[in-house]
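To start, the structure itself, in structure tokens.
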Amino acid sequence: MLGLLLGLAATTQCPHDPATTAGLRAAEADWVAAIETHDVARLGCRLAVEFTDADWRGRRVPRAAVLARLPTRDHGRLALSDLEVAIHGAVGTVRGVNTQTAADGTLAGRVRFTDLFVHRDGRWQAIAAQETVIAPDRPES
């Protein structure tokens, strides 16, 4: 199954993004859209082959595991806020808050995140992500 998922990602025509802050912001939004729609091929375009996530539980999750678990992900919604986008040559960072709402509309949680991208092959590809849980009783500051 994983081989099939990775094969789909490899054969998909990936979008091209300008190497600008607007292009990076759009790439971040595309990543979220791929997650929400369970689109493995689309997410495969966004995640570089060396991508690793340091998730909210402190676990290292490689790209293959992220793609493999996407089809079974909850059907909740993700809303990004407090975004800070910066570019340093071919490297870009997106920092912000991700608020997840469950399919029934209840708050599932909030994390502060940092995503690290590289612009190559004409698109922004995520090479690392890190999330930290925001406690329910803490403000976003």
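If you're matching positions, the sequence shown starts at 0 in numbering that gives the first Met the number 0 and goes up one per residue. Ideal Cβ placement from N, Cα and C applies to all residues, glycine included. None of these values were measured; they are calculated from a predicted model.
Requested in this report: Using three-state DSSP, classify Gly75 as helix, strand or coil.
Outcome: Along the sequence shown, read from residue 1 onward, the residue named residue 75 stands at position 76. Note: Gly75 maps to coil in three-state DSSP.
Query - Ala28 versus His87, Arg94, Pro70, Leu66, residue with shortest Cα-Cα distance - result: Locating residue 28 in the sequence shown gives position 29, counting from the first residue. When each option's Cα is compared against that of Ala28, the closest is Arg94.
Query raised in the report: Secondary structure at Gly43, three-state DSSP: helix, strand or coil?
Result: For the purposes of this step, residue 43 is taken as residue 44 along the sequence shown, with counting starting at 1. DSSP places Gly43 in helix when its eight states are reduced to three.
Report task. Figure out for me which residue from Gln124, Gly121, Thr131 has the closest Cα to the Cα of Val110. Result -> Translated into the one-based positions of the sequence shown, residue 110 becomes position 111. Selected option, being the one with the closest Cα: Thr131.
Query - Own chain, CB closer than 7 Å to Leu77, minus 5 neighbours either side, in chain order - result: Residue numbering aside, residue 77 sits at position 78 when the sequence shown is read from its first letter. Excluding residues within five positions, the ones whose Cβ falls inside 7 Å are Val31, Ile34, Glu35, Asn97, Gln99.
Requested in this report: Helix, strand or coil for Gly22, going by three-state DSSP, please let me know.
Outcome: Here residue 22 refers to the residue found at position 23 when the sequence shown is read from its first residue. DSSP places Gly22 in helix when its eight states are reduced to three.
Query - Cα-Cα separation, Ala89 to Val48 - result: Along the sequence shown, one-based indexing puts residue 89 at 90. Along the sequence shown, one-based indexing puts residue 48 at 49. Looking at the two C-alpha atoms, the distance is approximately 17 Å.
Query raised in the report: If you count every other CB in all the chains shown that lies within 10 Å of the CB of Gln12, and 16 or more means buried, which is it?
Result: As a first step, residue 12 must be located in the sequence shown, where it is residue number 13. Label assigned to Gln12: exposed.
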